[in-house]
Amino acid sequence: MADTVGSFSRSFAQQPWALWRRQAGRLTLIEVRRNLFSWKASWIYFLAFVPTLLIFIHGLVDRHFVEGISDDTNVLAGIVQFYYVRLGIFFGCLGIFSRLIRGEMIERSLHFYLLSPVRREILLLSKFAAGSISAVLLFETAMVANIALMYGPFGAAGRDYVFHGAGLAQSEAYLVIVPLACLGYGAVFLLLSMMFKNPTPAAMLVLGWEAINPVLPSVLQKISVASYLRHLMPVSIPGEGIFALLTVETEPVSGWAAALGLLLLIAVVLTYSCYRMRRLEIRYTTE
Amino acid sequence: MTDHATLHDRIQFENVSKFYGEVLGVNKVTLSIPPGVTTLVGPNGSGKTTLMNLMTGLVQASSGTISVLGLSPGNATEFFRAVGYCTQFDSFPRGLSGWQFVFDSLMLHGMDKMDAFRLTVEALDRVQLGDSAGWPIASYSKGMRQKIRLAQSIAHHPRVLILDEPLNGLDPMARAESLALFEELGRQGMHLIISSHILDEVDRISDRVVLITGGYLIAEGNIHQVRQEVRDKPMQVLIRCDHPELLASRMFSINHCVEARLHADGQGVFLRTGDIDQFYSMLNGIAAEGVIKINAVAPADDDANAIYQYLIGSDGSAS
Amino acid sequence: MSVYKHDYRPFAGKVTPRWMRIYVLSRYGAAEAWSSKITVGLFVLSLLPLVIFLIGIYLANNPLARALIVKGSSGAIDIDAGYFLKMLEFQSWLALILTAWIAPRLISFDLADNALPILLSHPVSRFGYVLGKFLAMFMFLSIVTWIPCLLLFAYQAYSSPLPWFAAHLSIAAGLFSGAILWITVLSILGLALSSWVKWRVVATGAIFAAVFVPAGVGAIMSAILRTRWGFLLNLPMMMSVLWQRMLGAHPIFAEKYALPTPAILAMLLASCVCFVAMLNARIRAREVVRG
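Protein chains in written order, with my numbering: chain A, 7 to 293; chain B, 4 to 322; chain C, 66 to 356.
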């Protein structure tokens with residue numbers, strides 16, 4: 007047993023970690039550059055910042071009274087719950103993470119990466135890291151801007167609400183929810199894009215699954231990104247129509263358990279994606 | 004010891020088969036390719052690209068084993084330091100300039116920026132793309148895209164260079180430059196595996212030929228040896244002399260000479276014979292007589308093109 | 066070769082009229098879309114709700130069957146404008162899914178494989194190309210929307226006493242015009258986005274996103290700026306209001322959210338003009354370089 011552990015640790019130490027770190031760094035840089043600094047990526051900026059623009063206009067044109075803080079708090083909660091989690095981050099991550107591998111297959115450029123001296127697992131994880139950095143950077147920046155623009159026009163009352171009142175916990179929760187949503191949806195869409203030639207129909211099924219998830223048995227609820235995020239929402243907004251499903255409270259779960267559960271889900275999905283990547287073949291003619 | 008050395012110096016295929024579902028890619032291919040320039044010859048869809056993709060791990064063999072200089076594509080870090088592959092896919096990662104394409108690729112080898120910079124300049128100069136390196140690849144002509152792919156595949160100084168249709172889209176000047184580059188690399192001891200349809204041009208630099216059709220290996224080896232082995236096809240020889248008609252009539256007196264055709268300039272004759280050894284022996288006799296002044300003798304169908312015609316045929320089916 | 070020996074002649078036989086060539090594109094487009102098993106599956110799925118609606122009409126008109134099948138239930142099924150509105154809404158959502166799947170197959174392949182220069186080098190204009198693809202899309206969507214809806218309306222008219230048909234003819238007109246409006250918008254939207262994003266995978270997602278994301282943005286706009294005009298970005302909501310008014314059903318949304326019909330029609334028209342402009346910009350004979 008001790009020998010096994012010893013040989014494992016020796017083999018672990020002998021791996022070219024420095025080289026892998028450099029390769030991963032370069033791959034991430036290439037991918038982030040493409041995700042964030044090209045005209046073709048402008049639609050992700052739109053998805054992330056369109057609520058920010060509307061909140062900015064609201065700050066300019068509407069008069070702000072202290073009594074309005076609770077109304078605006080509900081509006082912000084609705085934006086996070088119904089827009090960012092259900093639409094903005096969902097479609098943003100669908101675009102970013104589906105493109106990482108499947109997009110390169112469609113554009114017939116994946117072979118350049120597979121022909122470089124980089125382990126396929128490192129390639130996949132670097133691409134995932136790049137997608138995550140891009141998505142988190144955009145949506146987290148938008149979230150910070152949303153909070154600032156929503157409560158800024160209330161002046162001292164707004165500042166007090168955000169830094170010393172209930173707004174502090176809410177802001178913290180939103181700033182945790184957004185990256186978790188990006189990572190969670192990112193991992194799912196990366197996997198779907200490796201499993202299907204066209205991952206969008208499967209993604210639409212995921213959208214439907216997420217919608218009906220709250221009324222499913224608790225075991226099935228654990229296979230869902232939105233269900234973990236639901237437990238982290240600081241303000242509950244009753245939805246109308248189909249969105250009402252999202253706000254059905256089932257088994258209460260602590261924030262830590264929800265976050266760890268989601269991270270575990272991401273780890274499982276990434277491990278399986280690495281396995282698929284290892285067996286991936288280049289056959290562009292079938293795309 | 005010898006086996007070990009051979010393994011680390013050759014590209015080996017052992018009983019390799021590849022099936023795409025029910026479609027045959029290649030079937031039971033056993034090959035051992037030494038250093039030098041090797042041409043892969045075969046009609047469209049014969050399995051040339053599959054063979055190259057198998058070599059580099061872009062597709063995985065259904066059965067059999069492949070090693071390149073003793074390395075396996077599964078060990079990407081070691082393998083792709085030794086191997087460069089210029090594919091025929093005319094596509095690139097989105098939004099890159101020629102420079103970024105080559106530089107990024109070198110950085111993935113784990114090089115520092117200075118080395119990557121130096122090798123990028125060197126590779127771009129070698130394919131004569133230095134002036135347009137900063138342009139987006141999307142604005143390149145077809146020939147420039149072919150060149151930048153070549154630059155990327157040679158930039159890291161691989162020991163094995165695999166080139167899938169490297170002359171496609173190049174103008175005659177660029178083709179000549181590329182062939183000169185391949186020849187030079189082959190002379191320096193690099194393994195070059197080239198698949199091309201422009202046989203007469205590749206033939207000039209090629210040491211060996213691998214003929215493949217319908218996924219089956221038809222022949223492999225030195226071009227002259229392969230030609231010699233195709234005994235059922237008469238060999239054609241061009242003889243430059245002052246009296247080609249007389250020579251033709253003399254040679255036709257022997258029964259293994261089956262065809263004679265005058266050269267367009269009237270200063271030579273193409274003769275086709277079923278027994279090349281007897282043919283040369285008789286030619287010696289005629290030359291010794293001194294009646295006909297023979298200036299030059301050269302095989303006219305001892306090349307990849309002729310071998311292709313004889314073994315595969317113009318319709319692509321092996322004869 | 067002497068000129069008199071040249072035997073090459075251009076084709077001098079009879080050719081089909083110019084307008085008929087558009088159907089060649091439609092036919093090939095439809096065949097391409099139909100070649101996918103998923104298209105067939107989606108079609109079958111799209112027709113399933115109609116079976117349920119058909120059973121509903123049968124039960125509503127046959128008290129004996131109702132008593133036998135729905136034992137213990139005394140409630141009658143009302144076959145009215147609301148019933149057909151539900152049917153139309155169901156089918157229209159399924160039409161959106163079909164559009165997201167089929168429209169990219171009609172255009173994206175041509176763009177991704179650089180087939181447009183080849184197609185447009187034939188005597189087919191850019192307008193003819195788009196019209197051909199549009200007709201293929203329109204035909205597919207017709208099969209799952211207004212055609213079955215009108216057939217079920219005819220069945221209801223046949224099954225019920227005579228005055229029903231005459232009294233409810235406006236429902237048929239509403240079903241027809243409402244569905245035609247929706248599938249026209251969907252077809253143009255699907256083709257425009259498919260031509261713009263080029264890759265089929267992305268186009269499928271973009272079509273869904275183009276319907277849902279503006280709806281979300283519109284909802285934010287309405288909530289944050291306290292205005293109902295944000296719902297002008299909400300295509301599903303606009304169409305629901307329009308269908309409800311066309312069929313003469315009870316209002317679905319509260320009065321404060323209801324948008325005026327001219328505003329909805331103007332918004333739909335403006336959207337279609339944008340989509341046509343997108344098609345005009347992209348459907349051109351040019352090579353697409355991957356890189």
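Every residue, glycine too, gets a C-beta built ideally from N, C-alpha and C. The structure displayed is predicted, hence computed values, not measured ones.
| Query | Result |
| --- | --- |
| Pairwise C-alpha distance: A136 of chain A and L42 of chain A | 10 Å |
| Neighbourhood of L27 of chain B by C-beta distance below 6 Å, restricted to the same chain and skipping five residues each side | G218 |
| Residue of A:P57, A:P22, A:L33, A:L238 minimising C-alpha distance to T147 of chain A | A:P57 |
| Rounded straight-line distance, which links the Cα of G31 of chain A to that of V254 of chain A | At V254 of chain A the pLDDT is 44, less than 50, meaning the model places this residue with poor confidence; the figure from the coordinates comes in the next sentence. Taking the straight line from one Cα to the other gives about 42 Å. |
| Inter-residue Cα distance where the pair is L334 of chain C and V195 of chain C | 18 Å |
| Reference P159 of chain A, options A:M200, A:L82, A:L66, A:A47, closest by Cα | A:L66 |
| Listed by chain order, chain A residues near T269 of chain C by CB distance under 8 Å | N204, T206, P207 |
| Min CB distance F18 of chain A to chain B below 8 Å | no |
| Partners in chain B for L25 of chain A, counting only beta-carbon separations shorter than 8 Å | T80, G113 |
| Helix, strand or coil at A328 of chain C according to DSSP, with G and I counted as helix | helix |
| Paired residues, beta bridge with P302 of chain B - DSSP | B:V240 |
| Euclidean distance between Cα positions of P247 of chain B and L241 of chain B | 10 Å |
| For S138 of chain A, the nearest candidate out of A:A263, A:I288, A:G192, A:S122 (CA to CA) | A:G192 |
| Distance, Y90 of chain A Cα to D143 of chain C Cα | 40 Å |
| Chain A contacts made by the stretch 84–99 of chain C, where a contact means CB separation under 7 Å | none |
| Closer than 7 Å at the beta carbon, the chain A residues around G98 of chain B | R40, S44 |
| Backbone CA spacing between R236 of chain A and K31 of chain B [nearest angstrom] | 57 Å |
| Any C-beta of chain C under 8 Å from that of I243 of chain A | no |
| Buried/exposed call for W45 of chain A, threshold 16 Cβ in 10 Å | exposed |
| Cutoff 8 Å: C339 of chain C Cβ touching any chain A Cβ | no |
| Cβ contact check for the stretch 102–110 of chain A and the stretch 310–320 of chain C: 3 or more pairs under 8 Å | no |
| Separation of G94 of chain C from S100 of chain C, as counted between CA atoms | 10 Å |
| Given W49 of chain A as reference, the closest of C:A280, C:A271, C:G283 once Cα atoms are compared | C:A271 |
| Any non-hydrogen atom of the ligand MN within 7 Å of F195 of chain A CB | Ligands in the displayed structure: none, and consequently the ligand MN is not present. |
| Residues of the stretch 130–157 of chain A with Cβ closer than 8 Å to any Cβ of chain C, in chain order | none |
| Helix, strand or coil at N225 of chain B [DSSP, three-state] | strand |
| Closer than 7 Å at the beta carbon, the chain B residues around H294 of chain A | Because chain A spans 7 through 293 in this model, residue 294 of chain A falls outside it and cannot be assessed. |
| Sequence-distant residues of the same chain with beta carbon closer than 6 Å to W26 of chain A, five excluded per side | I128 |
| Within-8 Å CB hit, V124 of chain A to chain C | no |
| V254 of chain A, DSSP secondary structure in three states | Residue placement at V254 of chain A cannot be trusted, given a pLDDT of 44 that sits under 50; the coordinates are not used to answer. |
| Anticipated Cβ contact below 8 Å, L127 of chain B with A119 of chain B, distance rounded | Wrong, their Cβ atoms sit about 12 Å apart, outside the cutoff. |
| Status (buried if at least 16 other CB within 10 Å, exposed otherwise) for P46 of chain B | buried |
| Stretch pair the stretch 274–283 of chain B + the stretch 67–79 of chain C: three plus CB contacts closer than 8 Å | no |
| Beta-carbon neighbours of Q29 of chain A, restricted to chain B and to distances below 7 Å | L111, G113 |
| Which listed residue (B:F255, B:F83, B:D203) has its alpha carbon closest to that of L170 of chain B | B:D203 |
| Test item: CB-CB of A85 of chain B and V163 of chain B under 8 Å | yes |
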